[in-house]
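2 protein chains.
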Amino acid sequence: MISEKTVERLSLYRRILCQLRAEGRESILSHELAALLHGKAAQVRRDFMQLGYSGVPNSGYNVRRLIESISDLLDSPRMQGAALVGLGHLGLAILSHFSGRWRQLAIRAAFDTDPAKVNRTHHGCRCYAMDDLAPVVREQNIDIGVIAVPAEQAQGVAEALCRAGISGILNFAPVRLRLPDTVYVDTVDLTMSLEKVAYFARQRVSARHQANTAV
Amino acid sequence: MISEKTVERLSLYRRILCQLRAEGRESILSHELAALLHGKAAQVRRDFMQLGYSGVPNSGYNVRRLIESISDLLDSPRMQGAALVGLGHLGLAILSHFSGRWRQLAIRAAFDTDPAKVNRTHHGCRCYAMDDLAPVVREQNIDIGVIAVPAEQAQGVAEALCRAGISGILNFAPVRLRLPDTVYVDTVDLTMSLEKVAYFARQRVSARHQANTAV
DNA sequence: GGGTGTGAACGGATTCACAGCA
DNA sequence: TGCTGTGAATCCGTTCACACCC
Numbered sequence: 247m248i249s250e251k252t253v254e255r256l257s258l259y260r261r262i263l264c265q266l267r268a269e270g271r272e273s274i275l276s277h278e279l280a281a282l283l284h285g286k287a288a289q290v291r292r293d294f295m296q297l298g299y300s301g302v303p304n305s306g307y308n309v310r311r312l313i314e315s316i317s318d319l320l321d322s323p324r325m326q327g328a329a330l331v332g333l334g335h336l337g338l339a340i341l342s343h344f345s346g347r348w349r350q351l352a353i354r355a356a357f358d359t360d361p362a363k364v365n366r367t368h369h370g371c372r373c374y375a376m377d378d379l380a381p382v383v384r385e386q387n388i389d390i391g392v393i394a395v396p397a398e399q400a401q402g403v404a405e406a407l408c409r410a411g412i413s414g415i416l417n418f419a420p421v422r423l424r425l426p427d428t429v430y431v432d433t434v435d436l437t438m439s440l441e442k443v444a445y446f447a448r449q450r451v452s453a454r455h456q457a458n459t460a461v
Numbered sequence: 247m248i249s250e251k252t253v254e255r256l257s258l259y260r261r262i263l264c265q266l267r268a269e270g271r272e273s274i275l276s277h278e279l280a281a282l283l284h285g286k287a288a289q290v291r292r293d294f295m296q297l298g299y300s301g302v303p304n305s306g307y308n309v310r311r312l313i314e315s316i317s318d319l320l321d322s323p324r325m326q327g328a329a330l331v332g333l334g335h336l337g338l339a340i341l342s343h344f345s346g347r348w349r350q351l352a353i354r355a356a357f358d359t360d361p362a363k364v365n366r367t368h369h370g371c372r373c374y375a376m377d378d379l380a381p382v383v384r385e386q387n388i389d390i391g392v393i394a395v396p397a398e399q400a401q402g403v404a405e406a407l408c409r410a411g412i413s414g415i416l417n418f419a420p421v422r423l424r425l426p427d428t429v430y431v432d433t434v435d436l437t438m439s440l441e442k443v444a445y446f447a448r449q450r451v452s453a454r455h456q457a458n459t460a461v
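Below is the structure:
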C-alpha cells in the first residue's frame, strides 16, 4: 500500500523531526521540511497525506504528533528483533551503529564462524556459532536478518535465515540473493555505490569544465 | 545522459559478466542475464542499447566485449582515486572491501583524527591526519571522497573535501549533506535501510498470514 | 524459430496548481 | 494572506510488442 520510496522518506523525516524536537521546535511547515530533505513541499505534504496525518493551514505540522504518527506506521507494535550474521569489520560497524539506539528494533544476536568470536559479547551483543542460528532466531523471536559475510557465503546464509523463519533481510554482500518472495530483501551494494559515484563525479567534472569554457 | 538506475545496473551486469567470463562463458542472451538480475529481458537490451553495444540475434552478447564496453563507460580513462575519511569499523570495512580490487578506481588515502591511527598503514592504505587532507587530495589526484565519520562531523568533513576539490562523495553518515551541486553526492543510510526492511518484513508476515487464512 | 533493437504503451512517482481553510 | 490537501498534468523508468535479422 505505501511505497518503498515513501517509507524511506518517512524514516528520514522522523530522524530530522526528532532533532527538531530536541531543539525545542514545536511545529514545522511542509516547505521547511522539504528544504531540509532537498525535496519539494508538495512531496512532503503527499507523504503525510498517505500517513493520514493532517497539518493545520498557516501553522503547519505539530512536530511531536507527527513523530508519533510516523512511528505508528514504521515501528512494530510488538518489538522486532534482528540477527546479524558475520562479525568482520562491517558486522562490527553495523553493530556499533545500531547498538542500543532503538527500542522497537534491536540487533539481538550475532553469528560468526570464527571460534574466537563465538560466545563472547561484542558491542553489547552476544555472538553465537552458526549452528545455533535456527534455535536462537526462534527463541529470541527474531524476524529480520542482516547479512555481512563475504559474497561466497551470502546465499547459504540467506537460505539458513529463511529456514529459521525470518521475513526480511538486509544484505551487504555483493550478490543478488535468490529467495522465495515471502521474504523482503534489500541489498546495499558498496561496490555499485562507489562505481556510481565515480561515474557521476566524472560527469560533473566535465560539466563544470564545459560551463567554464562556454563563458 | 545515462540515468542513475541504468548506471547501477551496468555495474551489476559487469560484475556478473566477469564471473561468467571466469567460468569460461563466451556469450549470453538478454533473458539469461535478466534472470540473474531478477529483471526483464527488455530492460537488459535497452541498457545495452544505451551503451551502444549491439548483440547478435540468436547468439546474444559476447561476454568479453560487453565487459569492455561497460568498462569504457564506467571506468575513467585516467585512474580515479578516492579518499576515505574516518577509520572506525565502518571505514576499515570499506577499506578492506575495496583494497586492491580495481585498477581504475582505488582508495589512495585514509584520514582520521585518532593519533593512534595516523601515519600507519591499514589494509595497505596510508592514514593521514585531517590537516593533511587538502594537500594529499591534490598531490594524489583524488576526486572522490568517502565519508565514514559520525553524523555530527559529516557536514564539516564534506565541506573540507569540497574545498580540497573533490567532485563526488559517497556518504555513510546519516545526514543529508548540504553542498554545492557541482559535487555529486550519494548517501548510504544504514538506519533508513534497516527501518525499511523492518517495515516491509512486517507487511510480508501479515500478507502470508492473510494468504493462509484466506484458504 | 528464436533472438535483438526499438517505437509505443504503460505505470508509478513527482510536481503543478488551485480550492478550501485558519 | 499563506498555508494545507489533493485532482490533474507531467516526467521518467519499465515493459510490451513487433519489425528485422541470423
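Sequences listed follow chains V and H, in order. Going by my numbering, the residue at position 148 of the first sequence is 394; the numbering climbs one at a time, nothing skipped. Going by my numbering, the residue at position 150 of the second sequence is 396; the numbering climbs one at a time, nothing skipped. The beta carbon of each residue, even a glycine, is placed where N, CA and C say it ideally should be.
Item                                                                                                                                                   : Value
Please state whether the Cβ-Cβ distance between R261(V) and P420(H) is less than 8 Å.                                                                  : yes
Quick check on M438(V): buried or exposed, where buried means 16 or more other Cβ atoms within 10 Å of its Cβ?                                         : buried
Can you find a CB in chain V that lies within less than 8 Å of the CB of T359(H)?                                                                      : no
What residues of chain H sit near T428(V), judged by a beta carbon separation below 7 Å?                                                               : R450, R454
Comparing alpha-carbon positions, which option in E278(V), L379(V), L258(V), A268(V) lies nearest N304(V)?                                             : E278(V)
Assuming K442(V) and V290(H) are in contact, meaning their beta carbons sit under 8 Å apart, how far apart are those beta carbons, in whole angstroms? : The pair is not a contact, with the Cβ atoms about 18 Å apart (cut-off 8 Å).
Beta strand (DSSP E) containing I388(H): first to last residue?                                                                                        : 388-393
Using a Cβ-Cβ cut-off of 8 Å, state whether V395(H) counts as contacting chain V.                                                                      : no
In whole angstroms, what separates the C-alpha of C371(H) from that of L258(V)?                                                                        : 33 Å
Taking L341(H) as the reference, which of Q456(H), L312(H), I412(H), V392(H) has the closest Cα?                                                       : V392(H)
Hey, quick one: how far does the beta strand (DSSP E) through G285(V) stretch, first residue to last?                                                  : No beta strand (DSSP E) holds G285(V); DSSP gives it neither H nor E.
Should Y445(H) be flagged as near chain V, meaning a C-beta pair shorter than 8 Å?                                                                     : yes
Using alpha carbons as the reference points, say which of L330(H), T367(H), R349(H), L351(H) lies closest to F357(H).                                  : L330(H)
Straight-line CA distance for Y244(H) to I388(H)?                                                                                                      : Only positions 247 to 461 of chain H appear in the structure, and residue 244(H) is not among them; the question remains open.
Counting pairs of Cβ atoms below 8 Å between the stretch 393-408 of chain H and the stretch 417-434 of chain H, do you hit three or more?              : yes
Residue ranges of each alpha helix (DSSP H) run of no fewer than 4 residues wholly in the stretch 309-353 of chain H, ordered along the chain?         : 309-320, 335-344
With DSSP collapsed to three states, give me the class of F357(V).                                                                                     : strand
Since R369(H) contacts L336(H) with CB under 8 Å, what's their CB separation in whole angstroms?                                                       : Checking the displayed sequence, the identity of residue 369(H) turns out to be His instead of Arg. The pair is not a contact, with the Cβ atoms about 13 Å apart (cut-off 8 Å).
Between H277(H) and chain V, is any beta-carbon pair separated by less than 8 Å?                                                                       : no
Taking only beta-carbon atoms, is G301(V) less than 8 Å away from chain H?                                                                             : no
Tell me whether the beta-carbon of L312(H) lies closer than 8 Å to the beta-carbon of Y299(H).                                                         : yes
Looking at I390(H): is its Cβ nearer than 8 Å to the Cβ of A453(V)?                                                                                    : no
Measure the C-alpha to C-alpha separation of V451(H) and S413(V) and round it to an integer number of angstroms.                                       : 7 Å
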